[in-house]
Amino acid sequence: MQCRGGIIDRHQTTARGERLSSVGFKGLHGKIEVSDFSSKDSASSVRRRTGVEPISAVKMPERLTEAVDAWAEAHRLTRSDAICQLIELGLKTALPVSAPAHPIASDATKIEEIAVHEIESLLDPALPADERERRIRRLTEGPPEFSHERKDLPKQRP
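Quick note, this note's numbering runs 3 ahead of the 1-based positions in the sequence shown.
The structure is reproduced here in structure tokens:
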């Protein structure tokens, strides 16, 4: 059965969870009763949609569904077409997101660089370079007696 450009599926439900085939469908011009497609004594044959687009189900809160339905009615579209157009509009206006190749590794590296810089500023400048490096390494990597407990370091093989 056609209704405002779309096909009513007997498996679709209303916001209250009732099947459209059992409660009917309110169109622009009153109530349209929808027959049950599974009944074999139906006088007219039902033409199934044969489009090439895959079907996607969307779970939305009732408030959002009502807003989409209002937008669809204002633009004289079916709910399905309205959702497609709204998603296309949202994707067109969204800024492209460039994700770093290894965000965790780069974040850890930045954090370690900041820590090393702060430690260097706190250390006595009169210390020899090798002692400064040892202290920085000990503070950033932790004492060797606890290195086996760290989750971020590879395990030492016996």
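Idealized CB from N, CA, C, for every residue including glycine.
All values derive from a computational prediction rather than experimental measurement.
In the structure shown, residue 118 falls within a helical segment according to DSSP collapsed to helix, strand and coil. Secondary structure of residue 153 (DSSP, three-state): coil. Straight-line spacing of the CA atoms in residue 124 and residue 100 works out to 36 Å.
DSSP places residue 100 in the coil class of the three-state scheme, outside both helix and strand. Residue burial is scored here from C-beta neighbours: residue 80 has at least 16 other C-beta atoms within 10 angstroms and is therefore classed as buried. Look at residue 55 here: in three-state DSSP terms it is coil, with no helix or strand label.
Non-local C-beta neighbours of residue 55 in its own chain, meaning closer than 8 Å and more than five positions away in sequence, are absent. In terms of Cβ geometry, residue 145 and residue 138 do not form a close pair [threshold 8 Å]. Within the same chain, and ignoring the five residues on either side of residue 88 in sequence, the residues whose Cβ sits closer than 8 Å to its Cβ are 78 and 80. In this model, residue 83 and residue 61 are separated by some 10 Å (Cα to Cα). Take the alpha-carbon of residue 128 and the one of residue 135: they are about 9 Å apart.
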